[in-house]
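Colleague: Have a look at this one before I ask anything.
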Amino acid sequence: MENQRFLAFWGLKSLPGNGQIDLDQLYWQDRTQALCSRLLLSLDKTANISVIVAPAGHGKSTLARWLYHRVDSETHDVALFSLLKQEHEAGWLLPRLAGYLGLPETVRDTRSILQNLKTVHGKILTIIIDNAHYLSETAAFDEISSLCQVQALVDCRINFVLIGNPKLGQNVQNNRDIAHRLGLLSELQPFSRSELQTYLAQRLQDIGIARRALVPESLALIAQQGSMTFAGVNAILEACLFEAFLKEQKTISTEIVLSACENTGIRLKKEDSDGSKASKIGGKKRPNPSAPVKSANSSGDLNSLFYKTELDNEGED
């Protein structure tokens with residue numbers, strides 16, 4: 140089969156992007172590391188809502204999964220929900236919360252849920268909602284705002300992290316009941332040129348291919364494209380690997396990059412005057428969590444968009 144020939148050509152065990160993520164080896168830009176620190180600090184406040192937004196491809200679901208495992212299990216319980224469709228009205232959250240609490244179908248009224256939150260969860264319950272931009276109408280936020288408000292009357296401690304595309308940011312700012320409880324509203328940023336060059340080199344290592352396979356001119360050609368996302372970088376790099384395999388070349392030349400982009404519909408910008416040289420590859424970036432890893436006990440496993448491993452020594456496989 141063709142995929143087996145590809146794996147043998149590059150000496151790989153699995154196709155790029157199919158490997159299991161190691162959450163301790165994520166690549167973060169400096170700005171994202173700072174955002175993660177602010178986010179973890181904000182979770183100590185109850186009746187608080189944190190919102191993280193970014194366009195597609197920035198690793199939002201990966202961030203949700205990372206956060207789920209990094210919240211301090213000594214002080215918090217965590218529920219992670221990922222929305223799969225538009226929610227226009229209230230009534231979508233409490234059934235999910237009842238399922239998280241293990242309540243039977245016959246005992247899922249609001250009073251029972253609040254009573255269980257009071258008696259079972261002496262810790263802060265952090266509710267992470269991925270794809271929260273699917274909350275398309277004001278009414279869809281009602282349960283979130285109500286669970287924040289009710290903490291003034293009922294002895295339960297809850298906060299929320301909402302993650303989604305930029306539409307989510309607009310929705311929460313236009314919702315008075317949500318906006319006044321915002322403890323954090325931030326946006327994930329695309330790569331800068333230097334960050335992109337660093338990530339390209341490290342991504343090759345993650346896949347299992349020596350950094351030198353991507354020649355400096357090709358590295359610079361990709362990096363000069365400016366703002367790119369994790370998904371976009373991964374797509375162009377994997378296309379280059381496939382193209383090099385088809386041409387039976389073990390190095391990714393600029394011709395390979397141009398051909399890969401042409402065959403995948405990616406339009407590269409023309410090389411600028413200082414784009415012919417790749418900048419010095421920087422050091423590794425990884426999260427600096429203050430809390431121990433928490434065992435998974437909630438809803439599904441989310442697909443990762445990016446990860447990293449230790450850099451090899453210069454010039455080594």
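What the sequence shown shows, in the working numbering, is residues 140 to 456, in sequence order. The beta-carbon is built from N, C-alpha and C at its ideal position, and this holds for glycine as well.
Let me make sure I understand the geometry here. Which of 279, 398, 362 has the alpha-carbon closest to that of residue 331?
Modeller: Counting from one through the sequence shown, the residue named residue 331 turns up at place 192. Minimum Cα distance to residue 331 is reached at 362.
Colleague: Could you pull the start and end residues of the alpha helix (DSSP H) that residue 227 belongs to?
Modeller: Translated into positions along the sequence shown, residue 227 becomes position 88. Run containing residue 227: none; DSSP gives neither H nor E here.
Colleague: Whole angstroms is fine: what's the gap from residue 148's alpha carbon to residue 343's?
Modeller: Position 9 of the sequence shown holds residue 148. Position 204 of the sequence shown holds residue 343. Annotation: residue 148 to residue 343 spans about 15 Å, alpha carbon to alpha carbon.
Colleague: So what's residue 249 in DSSP terms, helix, strand or just coil?
Modeller: Translated into the one-based positions of the sequence shown, residue 249 becomes position 110. DSSP places residue 249 in helix when its eight states are reduced to three.
Colleague: Out of 267, 187, 176, 174, state which residue places its alpha-carbon closest to the alpha-carbon of residue 200.
Modeller: The sequence position of residue 200 within the sequence shown is 61, counting from 1. Across the set 267, 187, 176, 174, the C-alpha of 267 shows the shortest separation from the C-alpha of residue 200.
Colleague: If you draw a straight line from the C-alpha of residue 112 to the C-alpha of residue 222, how long is it?
Modeller: Look at the range of the chain in this structure, 140 to 456, and you will see that residue 112 is not part of it.
Colleague: Taking residue 204 and residue 179 to be in contact with their CB atoms under 8 Å, please state how far apart those CB atoms are, rounded to whole angstroms.
Modeller: Here residue 204 refers to the residue found at position 65 of the sequence shown. Here residue 179 refers to the residue found at position 40 of the sequence shown. Not quite, the Cβ-Cβ distance comes to about 15 Å (not below 8 Å), so this is no contact.
Colleague: Tell me the DSSP bridge mates of residue 334?
Modeller: Taking the first residue of the sequence shown as position 1, residue 334 is located at position 195. Its beta-bridge partners do not exist; DSSP assigns none.
Colleague: Please go through the segment 191–225 and give each complete alpha helix (DSSP H) segment of 4 or more residues, from N-terminal end onward.
Modeller: If one requires a minimum length of 4 residues, the alpha helix (DSSP H) runs lying completely within the segment 191–225 are 199–209, in chain order.
Colleague: Entirely within the segment 326–393 and at least 4 residues each: give me those alpha helix (DSSP H) ranges in chain order.
Modeller: 332–346, 355–362, 369–385
Colleague: Between residue 239 and residue 283, what straight-line distance do the alpha-carbon atoms span, to the nearest angstrom?
Modeller: In the sequence shown, residue 239 corresponds to position 100, counting from 1. In the sequence shown, residue 283 corresponds to position 144, counting from 1. Computed Cα separation, rounded: 16 Å.
Colleague: Judging by CA-CA distance, which residue of 244, 303, 256 is the nearest neighbour of residue 269?
Modeller: Taking the first residue of the sequence shown as 1, we reach residue 269 at position 130. For the residues 244, 303, 256, the minimum Cα distance to residue 269 belongs to 303.
Colleague: Residues in the same chain with beta-carbon distance under 7 Å from residue 262, minus the five sequence neighbours each way, listed in chain order, please.
Modeller: Counting from 1 along the sequence shown, the entry for residue 262 is found at position 123. Closer than 7 Å at Cβ, skipping near neighbours: 214, 215, 216.
Colleague: Let's see if you can read the secondary structure: which residues bound the alpha helix (DSSP H) around residue 145?
Modeller: Here residue 145 is taken as the residue at index 6 of the sequence shown, counted from 1. That run of the alpha helix (DSSP H) goes 141–149.
Colleague: Roughly how many angstroms lie between the CA atoms of residue 255 and residue 274, to the nearest whole one?
Modeller: In the sequence shown, residue 255 corresponds to position 116, counting from 1. In the sequence shown, residue 274 corresponds to position 135, counting from 1. Their backbone Cα atoms lie some 26 Å apart in a straight line.
Colleague: Does residue 422 pass the burial test, meaning 16 or more other C-beta atoms within 10 Å, or should it be called exposed?
Modeller: Taking the sequence shown and counting its residues from 1, one reaches residue 422 at position 283. Only weak support is given to the placement of residue 422: the predicted model assigns it a pLDDT of 42, under 50, and the question is left unresolved by the model.
Colleague: Out of 211, 391, 328, point me to the one whose CA is closest to residue 370's CA.
Modeller: Locating residue 370 in the sequence shown gives position 231, where the first residue counts as 1. Cα-wise, what sits closest to residue 370 is 328.
Colleague: In terms of residues, what are the limits of the beta strand (DSSP E) holding residue 171?
Modeller: Taking the sequence shown and counting its residues from 1, the one referred to as residue 171 is at position 32. Note, residue 171: premise wrong, no beta strand (DSSP E); alpha helix (DSSP H) at 169–181.
Colleague: Should residue 319 be labelled buried (16 or more other beta-carbon atoms within 10 Å of its own) or exposed?
Modeller: Residue mapping note: residue 319 aligns to position 180 of the sequence shown, counting from 1. Exposed: under 16 other Cβ atoms inside 10 Å.
Colleague: Can the beta-carbon of residue 383 be found closer than 9 Å to that of residue 352?
Modeller: Numbered from its first residue, the sequence shown carries residue 383 at position 244. Numbered from its first residue, the sequence shown carries residue 352 at position 213. Taking 9 Å as the Cβ cut-off, residue 383 and residue 352 qualify as a contacting pair.
Colleague: Have a look at 146, 145, 172, 168 and flag the residue whose alpha-carbon is nearest the alpha-carbon of residue 368.
Modeller: To locate residue 368, count along the sequence shown from 1; it is residue 229. Nearest Cα to residue 368 within the set 146, 145, 172, 168: 168.
Colleague: Extract the residue ranges of the alpha helix (DSSP H) inside the segment 267–310, only unbroken runs of 4 or more that lie entirely within it.
Modeller: 281–288
Colleague: Select from 174, 164, 403, 156 the residue whose C-alpha is nearest the C-alpha of residue 322.
Modeller: As a working mapping, residue 322 is identified with position 183 in the sequence shown. The shortest C-alpha separation from residue 322 is found at 174.
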